[in-house]
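J.: Counting in my numbering, the sequence shown runs from 404 upward without gaps.
For reference, the structure I am asking about is given below.
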Amino acid sequence: MDTAQLEQVYRAEAPRITAALAARVGDVGLAADAVHDAFVEALEHWRDAPPPNPGGWLATTARRKAIDRLRRARAGQEKLALLAATATEICPDTEAADDELLGMIFACCHPALPRESQIALTLRAVCGLTTAEIATAFLVAEPAMTQRLLRARKALRAAGADMRVPDPDQLAGRLAEVLAVVYLVFNEGYLASAGRQPARRDLAAQAVSLTRLLHRLMPREPEVLGLLALLLLHESRAATRFDGWGRLVRLADQDRTRWNRELIAEATGLLDRALALRAPGPYQVQAAIAALHAQAPDYEHTDWAQIRLLYDRLQAMTPSPVVLLNRAVATRYVVGPEAALAEITPLAADLDGYRLFHALQAGLLAGLGRDDEAREASERALALAGNPAERELLARRLSF
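Laid out in structure tokens, this is it:
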């Protein structure tokens, strides 16, 4: 088994093994480290002859690694006793395994943690990324990310974070945090905020997988349905977002015949089910906007008027200058570039450090023939962009 195959096995098996181990010792960080230790040992022993049951081997080895870590820790005796008392299979293929994984997701998204720590811990424990990979995604040094993860683990222990799904009376508030973190993980995978890779397909796939799990366990939760529909609609366009040179392709220029119609059909079905529950939420509204893009024959014939109304509704639910910025894109096609520019001008103070504000401003100014101002706005957008594909696209515009 080569390294790529082993990594594929690890990505598939690590979340459930980590969740099961965390449920037994009550420590997400310890479980994630033990599973990673097992993966390192697998790299050394699986080169010639992988075991017949790779998942079982990783689970058994992770349990042994956890015991080794606890024996070395002066404060680990109580957890060691718990682990020794549960000599059953670490990751059985049952509904209990799904419950354990979901419980760990909720633990990683505990309200005692700041949002960045929630994301980092989710990437480490649930998605199986290494500390070095997470540090790269956050644009920080690996030692700094190690310390951030350690602080997050200590905060969870101090808060007495439970590794179970919260009680029903606590579920609504906690679910919102989980969905927000999963969506942020997806966005980082869909278009990386920085680094050499323009996209992280592994992160996007992990986010979709986690949302499918949430949907399987909470099939009638409207916002879970909405988020899953939204992610699948974005994923349906994944094959057309970059050209053969790795350059970013704008939505207006994508080959719609290559969009994944099966994913679009699945997503619209999920959205219909969510809307039938009559409990609207921001993810459902965003999914409805994405669905209108997916159903349009081309960019110009998109139902921009309906999209503008949906952004009004989203702004009422979750007020944000970014929502108003996106609404202005629809205004450009419904009313005109001058009206759209008037809408975004008051947002300058809030969004001066946001690359997409300046990119949209540049496009609107160019449409009004104000070329010098458009160039200045494009240069500002380029200076703020960290993604290499976005930088290339902005630089290409400036060259014309």
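Heads up, the beta-carbon is just placed ideally off N, CA and C, and yes, glycines get one too.
Everything numeric in this text was worked out from a predicted model, so none of it was measured.
(1) What does the alpha-carbon distance come out to for the pair W460 and G429?
(2) Around the Cβ of Q411, are there at least 16 other Cβ atoms within 10 angstroms (buried) or fewer (exposed)?
(3) State the CB to CB distance for the pair E580 and P514, rounded to an integer number of angstroms; the pair is presumed to be in contact (CB under 8 Å).
(4) Could you give the distance in angstroms between the alpha-carbon of A677 and the alpha-carbon of A690?
(5) With A636 and A697 assumed to form a contact (beta carbons below 8 Å), what rounded beta-carbon distance in angstroms separates them?
(6) Can you find a heavy atom of the ligand ATP that lies under 8 Å from the Cβ of A469?
(7) Since L628 and L673 are thought to touch, with beta carbons under 8 Å apart, how far apart are those beta carbons, to the nearest angstrom?
(8) Helix, strand or coil: how does DSSP classify E793 here?
(9) Whose CA, out of I508, G684, G789, D570, lies closest to the CA of A426?
(10) Pull up the distance between the alpha-carbon of L559 and that of R419, whole angstroms please.
(11) Per DSSP, L754 is paired with what?
(12) State buried or exposed for Q609, treating a residue as buried only when at least 16 other CB atoms are found within 10 Å of its CB.
(13) Residues in its own chain within less than 7 Å of V568 by CB, not counting five upstream and five downstream?
(14) Measure the alpha-carbon distance for D436 versus G684 and round it to whole angstroms.
(15) Could you work out which residue in G770, V726, G756 is closest to A742 when comparing CA atoms only?
(16) Just tell me which of L744, R556, F541 has its CA closest to the CA of L516.
(17) Could you name the residues that DSSP lists as bridge partners for L651?
(18) Would you kindly report the start and end of the unbroken alpha helix (DSSP H) that includes G459?
(19) What's the gap between the Cα of E447 and the Cα of E536?
(20) Which first and last residues belong to the alpha helix (DSSP H) in which D436 is found?
(21) If we call anything under 9 Å between Cβ atoms a contact, is I815 one with V584?
(22) Less than 8 Å between the CB atoms is what I'm expecting for L526 and A465, so what's the real figure, rounded?
(23) Would you mind working out which of L785, F541, E444 sits nearest Y757, comparing C-alpha positions?
(24) From the DSSP output, in three-state form, read off H704 for me.
T.: In terms of the structure at hand:
(1) 22 Å
(2) exposed
(3) 6 Å
(4) 10 Å
(5) The residue you asked about is not Ala; residue 636 is Leu in the sequence shown. So it is a contact: roughly 6 Å between Cβ atoms.
(6) The ligand ATP is not part of this structure, which contains no ligands at all.
(7) 5 Å
(8) helix
(9) I508
(10) 20 Å
(11) Looking at the DSSP assignment, L754 forms no beta bridge with any residue, so it has no partner.
(12) buried
(13) D502, L505, G506, F509
(14) 36 Å
(15) G770
(16) R556
(17) F645
(18) 457-475
(19) 21 Å
(20) 431-448
(21) Here the chain comprises residues numbered 404 to 803, so residue 815 is not present and cannot be evaluated.
(22) Contact doesn't hold; Cβ gap of about 18 Å is too wide.
(23) L785
(24) coil
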